[in-house]
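Worksheet: one structure, shown below.
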Amino acid sequence: MSSKENAIEVEGLVVHRGGRPVLGSITFSVQRGSVTGLLGPSGSGKTTLMRSIVGVQKIRSGRITVLGQPAGSAPLRNSVGYMTQAPSVYGDLTVRENARYFGSLHGASHWAADRAVADVGLGEAAGQVVNTLSGGQRARASLACALLARPSVLVLDEPTVGQDPVLRAELWQRFHDLADEGVTLLVSSHVMDEAARCDRLLLIRDGSLIADDSPEGVRRASGTQDLDEAFLRLVVESRGKGRA
Amino acid sequence: MSPRVTLRTAGRVLRQLRHDPRTVALMLGVPVLLITLLRFVFDARPETFDRVGLMMLGIIPFMTMFLVTSVAMLRERTTGTLERLLTTPMNKLDLLVGYGIAFAVAAAAQSAVTSATAYGLLGLDTGASPLLVGVIAIATAILGMAIGLLTSAFASSEFQAVQFMPLVVMPQTMLCGLITPRDAMADWLRVISDLMPLTYAVEALTDASEHGGATDLMWRDVGIILAAALAALCLGALTLRRRSS
Ligand SMILES: Nc1ncnc2c1ncn2[C@@H]1O[C@H](COP(=O)(O)OP(=O)(O)OP(=O)(O)O)[C@@H](O)[C@H]1O
Ligand SMILES: [Mg+2]
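Sequence order for the protein chains is A and B.
Quick note on my numbering: the first sequence kicks off at 41 and runs consecutively.
Quick note on my numbering: the second sequence kicks off at 655 and runs consecutively.
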């Protein structure tokens, strides 16, 4: 494997949480400048995998390399952006104050912070205290703060949950624009029409990788054009294998 | 460490306070209420009010900042903002010192309001100048902040965090010489009180007041208070773990 082409390389990753295995020996790599979708049933380990990649998760064994450096190492903190599943912004500050503060940690100007807020469609609500925002707005405030890191690798845990279709389409357009600029994105999702927008898909179930392919490849392997159906088939199939 | 990030963090913490006017009102108003109450409790014994009121000016900032910081830091841990901060280039010290600066500013405001009431309206009379008392009050506030940061690591909910108040603050208040002079205590208890940082705040205030100004003992005590705060901050830094299970 060449780390020139791959932004993220995961080898034999094992993670235990609460005394039981949550990820069991996962291996894959993510190409630079691509949008990779991370899909899987609830509780399958998507968040745990993302936490491991940004280096906030204790791991049992395995090796994770991001941009050629061990995950979570100090030089990466300037180049990896992470949006947690639950919005992690200060509820008692306004959207603008949050963005300006998190931006300042990366040396972003006030102007850049205000633009990031406008970019996620919160221009009107910039002066509003986060606690008074709707759930979807709060998620976008959190996303704006992650984008401000101007990262080379962006790890987004369900960034579009609770957003309307128009906004979702806009956000995905933005993800692809970033990828065109060379940013590597790993995005988890439950929504299949989003899976179709990814360059590459990773499907995990019960902590194991059951597919690592392009959307087209996933369709072909499962023998159906409908991604929803394709995932159902893959999940059911892997369950059968697990029992055998 | 980056001074810019430290100051931004202090600014952010103060901004959070500003969005919560009720907390600010309580922070500034409750000490005024307490010191006023004390004045009339000792209505017939003004010299006792002078002694106890002076000590209260040092103890109140410790209590307030302990409580406010432990809850603020706990929130930072439970809402995921701490985890987010630790994935950025920010140094842990930037965060801790940022908190320290913010709450020192808050303590200075609180101290100013309380002292103005005590000296201006209630006739508190101490040998030490209000300014010197303010310096000691800010030192104890920083101590309260540092211990609050540390104990927040041992709480997983706000309920637990406030329960640390009777555990951490009450024994120190009882043993620091506020209730009774320390010579009147059992010997073994005085040894314990020697180990409690708040004791030195009371000693510094009393000594400065008795000698009508700053003394060597007072500066030594302020040094001990700040050293204890530094120790608590360092222990607190160890509890800010980048990786969790
Ligand atoms: N702090 C924790 N302690 C113990 N077990 C945990 C902890 N967090 C998560 N788990 C367990 O780890 C497994 C994977 O959780 P994870 O959050 O990674 O799932 P997920 O795929 O992100 O789910 P969702 O789609 O619902 O967000 C789950 O079975 C969950 O119960
Ligand atoms: Mg999740």
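Built from N, CA and C at the ideal position, the CB exists for glycine as well.
Keep in mind that this is a model prediction, so the values were computed, not measured.
Element boundaries [alpha helix (DSSP H), containing Ala-184 of chain A]
Residues 175-187.
Measuring straight from C-alpha to C-alpha, what distance separates Val-106 of chain A and Glu-51 of chain A?
Linking Val-106 of chain A to Glu-51 of chain A through their CA atoms gives a straight-line distance of about 12 Å.
At 3 residues or longer, and completely inside the stretch 775-830 of chain B: list those beta strand (DSSP E) runs for me, N to C.
Unbroken beta strand (DSSP E) runs of no fewer than 3 residues, entirely contained in the stretch 775-830 of chain B, are not found.
If you drop the 5 nearest sequence neighbours on each side, which residues of the same chain put their C-beta closer than 7 Å to that of Pro-127 of chain A?
Excluding sequence neighbours, Pro-127 of chain A sits near Arg-178, Ala-179, Ala-181 and Ser-182.
Nearer than 7 Å: is that true of the beta carbon of Gln-203 of chain A relative to any heavy atom of ligand 2?
No, Cβ of Gln-203 of chain A sits at least 7 Å from all heavy atoms of ligand 2.
Out of B:Glu-812, B:Met-719, B:Leu-832 and B:Ile-846, point me to the one whose CA is closest to Ala-761 of chain B's CA.
Nearest option by C-alpha distance: B:Met-719.
Whose CA, out of A:Ala-156, A:Arg-140, A:Glu-210 and A:Leu-53, lies closest to the CA of Arg-91 of chain A?
With distances taken between Cα atoms, Arg-91 of chain A lies closest to A:Leu-53.
For a test of your reading of the model: does the CB of Lys-98 of chain A fall under 7 Å from any non-hydrogen atom of ligand 2? Yes or no.
Lys-98 of chain A Cβ: outside cutoff for every heavy atom of ligand 2.
Could you compute how far the alpha carbon of Arg-279 of chain A sits from the alpha carbon of Glu-269 of chain A?
Arg-279 of chain A and Glu-269 of chain A have their C-alpha atoms some 15 Å from each other.
Taking C-beta pairs closer than 8 Å, name the residues in chain B that Asp-132 of chain A reaches, listed in chain order.
Under the 8 Å cutoff, chain B gives Gln-670, His-673 and Asp-674.
If I measure Cβ to Cβ from Ala-698 of chain B and keep anything under 8 Å in the same chain, skipping five residues before and after, which residues do I get?
Counting only Cβ-Cβ distances below 8 Å, and skipping sequence neighbours, we find nothing.
Can you give me the C-alpha to C-alpha distance between Ser-898 of chain B and Leu-775 of chain B, rounded to a whole angstrom?
Per the coordinates, the alpha-carbon of Ser-898 of chain B lies some 52 Å from the alpha-carbon of Leu-775 of chain B.
In chain A, what lies closer than 7 Å to Met-744 of chain B by C-beta?
Per Cβ cutoff of 7 Å: Leu-145.
Report, in whole angstroms, the separation of the C-beta atoms of Val-195 of chain A and Ile-104 of chain A, which I expect to be a contact under 8 Å.
That belief does not hold up - the Cβ atoms of Val-195 of chain A and Ile-104 of chain A are roughly 12 Å apart, past 8 Å.
Residue from A:Ile-244, A:Leu-116, A:Val-227 and A:Glu-137 with nearest C-alpha to Met-744 of chain B:
Among A:Ile-244, A:Leu-116, A:Val-227 and A:Glu-137, the Cα nearest to that of Met-744 of chain B is on A:Leu-116.
CA-CA distance, Leu-682 of chain B and Pro-700 of chain B?
When only Cα atoms are considered, Leu-682 of chain B and Pro-700 of chain B end up about 24 Å apart.
Residues in the stretch 679-706 of chain B with C-beta within 8 Å of chain A's C-beta atoms, listed in sequence order?
Cβ contacts with chain A: none found.
Under a Cβ-count criterion, where at least 16 other Cβ atoms within 10 Å of its own Cβ denotes burial, should Gly-203 of chain A be classed as buried or exposed?
It should be pointed out that residue 203 of chain A corresponds to Gln in this sequence rather than to Gly. It is buried - the Cβ of Gln-203 of chain A has at least 16 other Cβ atoms within 10 Å.
Inter-residue spacing [alpha-carbon to alpha-carbon] between Gly-80 of chain A and Ala-47 of chain A
So the alpha carbons of these two residues sit roughly 22 Å apart.
Output, in sequence order along the chain, the residues in the stretch 875-899 of chain B whose CB is closer than 8 Å to any CB in chain A.
Residues of the stretch 875-899 of chain B that bring their beta carbon within less than 8 Å of a beta carbon in chain A comprise Arg-896, Arg-897, Ser-898 and Ser-899, in sequence order.
If you measure from the CB of Val-275 of chain A, is any heavy atom of ligand 1 nearer than 7 Å?
Because no heavy atom of ligand 1 lies under 7 Å away, the Cβ of Val-275 of chain A does not count as near it: no.
Please state if the CB of Leu-188 of chain A and the CB of Gly-143 of chain A are separated by a distance shorter than 8 Å.
Yes, Cβ-Cβ distance for Gly-143 of chain A and Leu-188 of chain A is below 8 Å.
Am I right that Gly-665 of chain B and Ile-790 of chain B are in contact with their C-beta atoms under 8 Å? What's the rounded C-beta distance?
Actually they do not touch by this definition, with Cβ atoms about 26 Å apart.
May I have the straight-line CA-CA distance separating Ser-967 of chain B from Ala-881 of chain B, to the nearest angstrom?
Here chain B has residues from 655 to 899 only, and residue 967 of chain B is not among them.
Counting only runs that start and end within the stretch 827-856 of chain B, where is the alpha helix (DSSP H) found for 4 or more residues in a row?
Taken in chain order, the unbroken stretches of alpha helix (DSSP H) that lie wholly in the stretch 827-856 of chain B and span 4 residues or more are 841-848.
Can you give me, in chain order, the residues of the stretch 65-94 of chain A that have a beta carbon less than 9 Å from any beta carbon in chain B?
Against chain B - using a Cβ distance shorter than 9 Å - the residues of the stretch 65-94 of chain A are Arg-91 and Val-94.
Using a cut-off of 7 Å between C-beta atoms, extract the partners of Gly-632 of chain B located in chain A.
The question about residue 632 of chain B has no answer, for chain B in this structure spans 655 to 899.
According to DSSP, which residues form a beta bridge with Ala-251 of chain A?
Note: Ala-251 of chain A sits in a beta bridge opposite A:Leu-243.
Limits of the alpha helix (DSSP H) - the one that Leu-196 of chain A falls within:
Counting along the chain, Leu-196 of chain A sits inside no alpha helix (DSSP H); it lies in the beta strand (DSSP E) bounded by residues 193-197.
May I ask you to report which of helix, strand or coil DSSP gives Glu-45 of chain A?
It is coil, neither helix nor strand.
Provide the residue(s) that pair with Ser-228 of chain A in DSSP beta bridges, ordered along the chain.
Per DSSP, the beta-bridge partners of Ser-228 of chain A are A:Leu-78 and A:Asp-197.
Quick check on this structure: which residue in A:Arg-136, A:Arg-214, A:Gln-71 and A:Leu-218 has the alpha carbon closest to the alpha carbon of Gly-163 of chain A?
Nearest option by C-alpha distance: A:Arg-136.
Around the Cβ of Val-276 of chain A, are there at least 16 other Cβ atoms within 10 angstroms (buried) or fewer (exposed)?
By the neighbour-count rule (16 or more Cβ atoms within 10 Å), Val-276 of chain A is not buried but exposed.
Based on DSSP bridge pairs, tell me the residues matched to Leu-53 of chain A.
As computed with DSSP, Leu-53 of chain A is found in a beta bridge with A:Ile-66.
Rounded Cβ spacing between Thr-224 of chain A and Val-70 of chain A (contact assumed at less than 8 Å):
Contact between Thr-224 of chain A and Val-70 of chain A holds: CB atoms are separated by about 6 Å, below the 8 Å threshold.
Check each candidate in A:Lys-98, A:Glu-198 and A:Val-120 and name the one with the smallest Cα separation from Ala-108 of chain A.
In the sequence under discussion, the amino acid at residue 108 of chain A is Gly, which differs from the Ala named in the question. With distances taken between Cα atoms, Gly-108 of chain A lies closest to A:Val-120.
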